[in-house]
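A quick write-up on the structure given underneath.
Numbering (the UniProt record's numbering), first residue to last: 1 to 782.
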């Protein structure tokens, strides 16, 4: 009875805290709604195309009409969400339960809610997680219901749903999403802190200490018998690794904030999982080797996730085993020729079975010469890893056969170098992973796949020619493969070549414009140049010089004339106290205005916009014509003109600012057809330093799922610009996507750009091998 009374008190306290959470958020709703109103009003005053301007006016008009309705409906939805919902479904589902497809609007609302919640977590992650832990301790539950109002997603979803129910379009939401996300994050951080303080006052977990939770997946399972439950990939059989196995069956991309608990980024999560796999291999081999000749692999294991680093015992391979490896014949190279062109699908099972049979015979022969249990374990692990790779039916059959030929060379390395099972960046692992990530996504009948298969064939043959060089040969061919990818992907077809060329010009033009602006600012900062002229030079003429430099060259006569125009404009806009200077201005003015119009025309500015600039300049010149102060000496103008001629000498290449891309102007500026290029300039959350580093770590050739404007596409990472500002992705039907580094980081963080492979090829193969050993431990030493 006492226990029942205590449970009731705990439940009452938990309900009280949830009620407080909703009450305080409901009170802050008016502030949020008013900020949205202010933002829509601000947008009305900002320049925009006619289409965008009309959208903003419609949003402002409707929002004024429905603001109060949205606030009230959202508050009611939050109150309704306080009603308890079961966290799990028990019992079978009746056949007449009324199953139906989830509507597109529902899915899109959930995606928007996840993005909004992700922004909240950037501000209040620690407060949210602390409150979750305290509520779980009160209710003695391992997990909270996914619909629990304590989750940021549960709070965000009513905001978006009621927005639509009130007649406000999703396009209007996009105008104010960032504003809502920022303010809501700050509000919820304070509200969650209040809720935590109330629980602390009642003695609920005053101090929260980190405790490693036992997990039910194979990462924490011991080597040996026993059942395990797998997440994110199977240990036996074969399942696509890019399908996330989640409770509730929710798609990983739909709720990125839920997929990785505790604020851990997807990248950190994957690295932690991979290191966990290697840690298990270390324990497996360590249990079989006498404790002598230990090799310290400190730092190879992430102690934050997997405890103290292991010191892995290691002994050199026996002489008889080395001789057996040297006597192994090169794998049957005739197998590739047995697949007639165009019949790979029909012949694949036969070829793969023959290769698998040959590998098993090789493994048995080599294992018979092993003198120690550790040697047998390593041989079996490598054999099972390559068996897993051979069964990966998403890799073209011919490529799988070439991968199979690497089993013996990799076995030599694994026996001689304990780092192979200790470091994710071992050259042999890196090579197989890079080749695997490229071939796991593309059409095996295309030209690009043929070129890639040829390169993989060459690499395998090089490795076979140098069996005694250890990891050095892998380092060499890995670098060669990286160079091949960089060249091959950028020149895969005419469409890609064209798009890459445009992207290179875009980066060069935007970077030059920024650098020209900075240098112009430096050169005239001490001159009495009028503000109107400064603004024109910085915002318009710097871009004119950049475009001319790219199109015709820095020292082309037309570019030099435009540079001279800048110096002439500065001089003409200065005071003219004497008659000779005024006469010169009058004589030179027609040519000056003509040159200004020519330069602005190169940017694609409409004549109306040009005339606005010309009028401002003309008024400024007229005022300067009558002024007798703030003159600029002829020597200063001459020095400026000389520096402008050689402006590129003063520019640096270390610009790190994001480039102000404008998708509509690319075709006009560079006179190319950019219909197959889409510039991604919006979406995602604010990029943080970890996200920027994540974006820089992406490898060319990897495949991703891109969710852009609710359109999902499978894309390959094709090109990175020389300065690292721009990144190009392309799908298989010729559509390309250009994205800047900060936006790329934001897409990665928000789950809008997701790697198709949760694990690298060798990590997944190692996981599969361990799973088979766990299911049948006797095979390890047989």
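Glycine included, every Cβ here is placed at the ideal spot set by N, Cα and C.
CB of residue i within 8 Å of CB of residue j, strictly
i: residue 483; j: residue 548; result: no
i: residue 678; j: residue 735; result: yes
i: residue 396; j: residue 453; result: yes
i: residue 358; j: residue 416; result: no
i: residue 744; j: residue 727; result: yes
i: residue 108; j: residue 710; result: yes
i: residue 20; j: residue 40; result: no
i: residue 166; j: residue 60; result: no
i: residue 784; j: residue 48; result: Residue 784 is absent from the structure shown; the chain starts at 1 and stops at 782.
i: residue 113; j: residue 160; result: yes
i: residue 717; j: residue 691; result: no
i: residue 581; j: residue 568; result: no
i: residue 500; j: residue 456; result: no
i: residue 324; j: residue 355; result: no
i: residue 175; j: residue 62; result: no
i: residue 537; j: residue 561; result: no
i: residue 576; j: residue 625; result: yes
i: residue 158; j: residue 33; result: no
Member of the options whose CA lies at the smallest distance from the CA of residue i
i: residue 783; options: 559, 570, 521 and 63; result: Outside the displayed span of the chain (1 to 782) sits residue 783, for which this structure offers no information.
i: residue 746; options: 684, 614 and 758; result: 684
i: residue 551; options: 519, 599, 471 and 457; result: 599
i: residue 508; options: 414, 389 and 554; result: 554
i: residue 322; options: 362, 370, 349 and 428; result: 370
i: residue 467; options: 76, 706 and 406; result: 406
i: residue 67; options: 615, 162, 83 and 114; result: 162
i: residue 687; options: 523, 178 and 29; result: 178
i: residue 187; options: 268, 703, 43 and 22; result: 22
i: residue 719; options: 82, 780 and 741; result: 741
i: residue 393; options: 63, 436, 455 and 44; result: 436
i: residue 784; options: 779, 414, 174 and 439; result: Not covered by the structure: residue 784. The range shown for the chain is 1 to 782.
i: residue 623; options: 545, 65, 531 and 705; result: 531
i: residue 413; options: 561, 463, 433 and 350; result: 463
i: residue 739; options: 732, 760 and 715; result: 715
i: residue 477; options: 754, 458 and 389; result: 458
i: residue 597; options: 16, 540, 481 and 423; result: 540
i: residue 190; options: 134, 535, 208 and 124; result: 124
Backbone secondary structure at residue i - three-state DSSP
i: residue 466; result: coil
i: residue 681; result: coil
i: residue 778; result: helix
i: residue 393; result: coil
i: residue 14; result: helix
i: residue 718; result: strand
i: residue 707; result: strand
i: residue 727; result: strand
i: residue 739; result: strand
i: residue 113; result: helix
i: residue 712; result: strand
i: residue 754; result: strand
i: residue 749; result: helix
i: residue 686; result: coil
i: residue 28; result: coil
i: residue 166; result: coil
i: residue 198; result: helix
i: residue 272; result: helix
i: residue 488; result: helix
i: residue 603; result: coil
i: residue 573; result: coil
Close beta carbons around residue i, own chain, < 6 Å, minus the five adjacent residues each side
i: residue 200; result: 206
i: residue 769; result: 381, 384 and 385
i: residue 763; result: 274 and 277
i: residue 320; result: 369
i: residue 474; result: 427, 428 and 431
i: residue 318; result: 371
i: residue 781; result: 373 and 376
i: residue 411; result: 382
i: residue 172; result: 59
Cut-off 7 Å between Cβ atoms - residues of its own chain near residue i, not counting five sequence neighbours on either side
i: residue 131; result: 150, 192, 195 and 196
i: residue 785; result: Residue 785 falls outside the range modelled here, since the chain spans only 1 to 782, and no answer is possible.
i: residue 28; result: 187
Own chain residues within Cβ distance below 8 Å of residue i, not counting five before or after
i: residue 776; result: none
Notebook entry, point to check: Would you say the segment 115-127 touches the segment 28-38, given that touching needs at least three Cβ pairs under 8 Å?
Noted result: no
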